[in-house]
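Please read the structure below before turning to the comments.
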Amino acid sequence: AEGLRWYEQILNRPSLPPAVESRALLGTGAMRYTQGELGHARTALVRALALAHETGDMVMVARAENLLGDVEHSVGNADAAREHFARSIEGFRALALPWGLGNSLTGMAAVVLATGDAAHAERLLDEATTVLRHTAPWFLSWALYLRAFLAVRRGHPDEAIAFVRESLTYIRQLHDTFAFVYALVPLAA
């Protein structure tokens with residue numbers, strides 16, 4: 110809530126340069142997404158994406174596409190989520206940003222897994238895990254969370270527990286209580 114207030118104060122300033130507005134809108138979209146305000150998140154992110162295209166900021170384009178993928182997946186729109194994640198993956202590959210690529214691959218894997226294609230989800234998670242292993246421990250914990258769920262679905266509890274344990278190692282290092290709660294879900298399953 111505090112972060113959202115700061116972003117809104119920035120957005121209320123007169124004559125905001127488009128690049129600054131795009132970044133503030135991306136932050137607003139992320140904050141609204143985490144608060145479950147998905148319609149408001151989508152509105153902010155669509156505007157952020159348009160401004161990022163306008164200014165040629167391809168990092169912001171890829172980031173906005175990724176967050177829009179998360180929003181669309183959350184509202185159950187798998188087709189739109191896939192399209193956004195695909196553009197985000199393409200963008201982060203072109204930019205050679207491993208944290209973004211791994212995060213986008215993980216998002217795509219979540220959509221693919223939700224639609225029942227476990228084999229494709231596993232391939233995406235394999236690539237995401239490889240990319241994230243040495244670059245982005247927070248995003249890696251999310252990929253490991255999905256790998257644990259995939260192992261549960263396949264009836265491999267020991268494998269699921271191993272993924273949760275590995276995830277908890279990163280979560281502890283990051284002091285991330287939010288991710289800790291997520292790690293418990295596949296463990297309970």
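Quick note: the sequence shown uses this note's numbering, first residue 110, plus one each step.
Ideal placement from N, C-alpha and C gives every residue a C-beta, glycine not left out.
These figures come from a predicted structure and were not determined experimentally.
Asked                                                                                                             : Found
Three CB pairs or more closer than 8 angstroms across the stretch 241-249 and the stretch 198-205                 : no
Check: residue 111 C-beta below 7 angstroms from any heavy atom of the ligand GDP                                 : Of the ligands one can find in the structure shown there are none, so the ligand GDP has no counterpart to examine.
Residue 121, buried or exposed, once every other Cβ within 10 Å from all chains shown has been counted against 16 : exposed
8 angstroms contact criterion, which residue 221 and residue 210 should meet: CB distance rounded                 : Contact flag wrong, Cβ pair sits at about 16 angstroms.
Three-way DSSP call (helix, strand, coil) for residue 263 in this model                                           : coil
Extent of the continuous alpha helix (DSSP H) to which residue 179 belongs                                        : 167-183
Residue 146, DSSP secondary structure in three states                                                             : coil
Proximity below 8 angstroms, CB of residue 213 to CB of residue 186                                               : no
Nearest-angstrom Cα separation, counted from residue 257 out to residue 226                                       : 15 angstroms
Residue 284 burial status per 10 Å Cβ neighbour count (16 or more: buried)                                        : exposed
The stretch 148-155 touching the stretch 176-183, judged by at least three CB pairs closer than 8 angstroms       : yes
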